[in-house]
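Reading through the structure tokens given below for one structure.
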Amino acid sequence: MWSQAGWQHYLDWDPSPTQIGQLQQLYDWVIEGNQTQNLTRITESVDFWEKHLWDSLRPLQALPVGILAPRDNLEQDDPAAESFYAPYTVIDIGSGAGFPGIPVAIANPEWRVTLLDATQRRMQFAEMVAAKVGLRGIQVQAERAETWGQLRREGYDLALNRALGSAVVCAELSMPMLKIGGHALLYRGHWDPDQESALQRACQKLGAIIKAVDPFVTPITHSIRHGILLKKIAPTPATFPRPMGIAAKRPLA
0 MWSQAGWQHY LDWDPSPTQI GQLQQLYDWV IEGNQTQNLT RITESVDFWE KHLWDSLRPL
60 QALPVGILAP RDNLEQDDPA AESFYAPYTV IDIGSGAGFP GIPVAIANPE WRVTLLDATQ
120 RRMQFAEMVA AKVGLRGIQV QAERAETWGQ LRREGYDLAL NRALGSAVVC AELSMPMLKI
180 GGHALLYRGH WDPDQESALQ RACQKLGAII KAVDPFVTPI THSIRHGILL KKIAPTPATF
240 PRPMGIAAKR PLA
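Under numbering that gives the first Met the number 0, the letters of the sequence shown match residues 0 to 252, in that order.
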């Protein structure tokens, strides 16, 4: 599954030999770093491939652009539709050791990806790994999302949220950073109508809509996952994101 044929079979992706090598190097560096830092409990090769690599990339199929996006996902009114491989500015919020941001940057080397996490030590590790695997378009920021969301308003085309909190919290932290027309991609496991209703109510306050709910099953453990795609259609009020911890303590919905 680490091979080109494996990626073609499980993700319909045809990575270059360079990309395959970068993903292998990423695994090697994370395993080495895990000896001195608590980076991940997922260390077996097959588990790492499915839960850190495949799971980072599969939700990208819901996007209107990118190497994994089906051509029929392109929207005629979306600026990104002008160039299928257009440079994208991406923020990975709560990136931790660099997931999903580093695999996403490997798959889409023309994208400019920022890894954001409040833990300085993890950001230092992610920066080192990005350099070791040869990624030039990655930046790291050791900062809280609530602070960065005020500093970099409308600065990104895409926000990734994999391990950040509830969907409503993800939406509040993401939307201020997105340009009008930008997208937030929420990586979720279980998803139900109550969660979707709460997210819809939050989106109405943030200038966003739910663009797509993409259910899928992981290829090895057959776990249910969902990619939730939000689109920013109006400016987010300046009161968002609220100060540290408020989004989780007093959810918008």
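Each residue gets a CB set at the ideal place from its N, CA and C atoms; glycine is no exception.
Pick helix, strand or coil for G133, following the three-state DSSP scheme.
Numbered from its first residue, the sequence shown carries residue 133 at position 134. In the structure shown, G133 sits in coil (DSSP, three-state: anything other than H, G, I, E or B).
Just to confirm the assignment: which complete beta strand (DSSP E) runs, minimum length 3, are found wholly within the stretch 188-248?
207-216 and 223-231
Enclosing alpha helix (DSSP H) for I30 [first to last residue]
In the sequence shown, the residue the question calls residue 30 occupies position 31. Looking at the DSSP string, the run of the alpha helix (DSSP H) that includes I30 is P16 to G32.
Would you mind working out which of G206, L59, Q123 and H221 sits nearest I253, comparing C-alpha positions?
Residue 253 lies beyond the stretch modelled for the chain, which goes from 0 to 252, so this question has no answer here.
Just to confirm, is the Cβ distance from I10 to R57 under 8 Å?
Counted from its first residue, the sequence shown places residue 10 at position 11. Counted from its first residue, the sequence shown places residue 57 at position 58. The question names Ile, but residue 10 is Leu in the sequence shown. Yes, the Cβ-Cβ distance between L10 and R57 is below 8 Å.
Alpha-carbon spacing of A183 relative to K210, whole angstroms
If you number the sequence shown from 1, residue 183 lands on position 184. If you number the sequence shown from 1, residue 210 lands on position 211. Cα to Cα, A183 sits roughly 10 Å from K210.
Proximity winner among F215, L38, A68 and L67, relative to S94 (alpha-carbon distances)
Counting from 1 along the sequence shown, the entry for residue 94 is found at position 95. Of F215, L38, A68 and L67, the residue nearest in Cα terms is L38.
Among T88, E171 and I223, nearest to L251 - alpha-carbon criterion
What you label residue 251 is simply residue 252 of the sequence shown in a count that begins at 1. It is E171 whose Cα lies nearest to the Cα of L251.
Could you compute how far the alpha carbon of S82 sits from the alpha carbon of Q34?
Taking the first residue of the sequence shown as position 1, residue 82 is located at position 83. Taking the first residue of the sequence shown as position 1, residue 34 is located at position 35. Reliability fails at S82, whose pLDDT of 42 lies under 50, so the model's placement of it is uncertain and the value that follows must be treated cautiously. Answer to the nearest angstrom: the Cα atoms are 43 Å apart.
Pull up the distance between the alpha-carbon of G133 and that of G188, whole angstroms please.
Residue 133 sits at position 134 when you count from the first residue of the sequence shown. Residue 188 sits at position 189 when you count from the first residue of the sequence shown. Spanning the two alpha carbons is a distance of roughly 31 Å.
Counted within 10 angstroms of its Cβ, other Cβ atoms place D156 as buried (16 or more) or exposed
Residue 156 sits at position 157 when you count from the first residue of the sequence shown. Label assigned to D156: buried.
So what does DSSP say about L262, is it helix, strand or coil?
Residue 262 is absent from the model: the chain starts at 0 and stops at 252.
Across which residues does DSSP place V168 in a beta bridge pair?
For the purposes of this step, residue 168 is taken as the residue at position 169 of the sequence shown. V168 is not bridged to any residue.
Assign G244 to one of two classes, buried (16 or more other C-beta atoms within 10 Å of its C-beta) or exposed (fewer than that).
Stepping through the sequence shown from its first residue, residue 244 is reached at position 245. Exposed.
Nearest CA to the CA of A197: which residue from A166, T217, A233 and A207?
Position 198 of the sequence shown, counted from the start, is the residue given in the question as residue 197. Minimum Cα distance to A197 is reached at A166.
Determine which residues share a DSSP beta bridge with D116 and list them.
Start at 1 with the first residue of the sequence shown, and residue 116 comes out as number 117. Partner(s): A141.
Excluding five sequence neighbours on each side, which residues of the same chain lie with their C-beta closer than 7 Å to the C-beta of F47?
Taking the sequence shown and counting its residues from 1, the one referred to as residue 47 is at position 48. Answer for F47: Y26 and I41, listed in chain order.
Any idea which residues DSSP pairs L185 with across the strands?
Here residue 185 is taken as the residue at index 186 of the sequence shown, counted from 1. L185 pairs with N160 and I227.
Under DSSP, the alpha helix (DSSP H) around I101 begins and ends at which residues?
For this step, residue 101 is matched to residue 102 along the sequence shown. According to the DSSP assignment, I101 belongs to the alpha helix (DSSP H) that extends over G100 to A106.
On the premise that L177 lies in contact with K231, defined as a C-beta separation below 8 Å, what is that separation, rounded to the nearest angstrom?
Here residue 231 refers to the residue found at position 232 when the sequence shown is read from its first residue. Here residue 177 refers to the residue found at position 178 when the sequence shown is read from its first residue. With a Cβ gap of about 4 Å, K231 and L177 count as contacting.
Who are D91's beta bridge partners in DSSP?
The residue given as residue 91 occupies position 92 in the sequence shown. DSSP lists L114 and L159 as partners of D91.
Exposed or buried, which one is I137 when buried takes at least 16 other CB atoms within 10 Å?
Locating residue 137 in the sequence shown gives position 138, where the first residue counts as 1. Around the beta carbon of I137, 16 or more other beta carbons sit within 10 angstroms, so the residue counts as buried.
Please state if the CB of T217 and the CB of E43 are separated by a distance shorter than 8 Å.
Numbered from its first residue, the sequence shown carries residue 43 at position 44. Numbered from its first residue, the sequence shown carries residue 217 at position 218. No, they are not a contact pair.
So which of D54, A246, I101 and G180 has the shortest CA-CA distance to P214?
Counted from its first residue, the sequence shown places residue 214 at position 215. Closest option to P214, Cα to Cα, is D54.
Selection from F239, W190 and E142 that minimises the alpha carbon distance to R224
As a position in the sequence shown, residue 224 is number 225, starting the count at 1. Closest option to R224, Cα to Cα, is W190.
Determine which residues share a DSSP beta bridge with L177 and list them.
For the purposes of this step, residue 177 is taken as residue 178 along the sequence shown, with counting starting at 1. Answer is Y155, bridged to L177.
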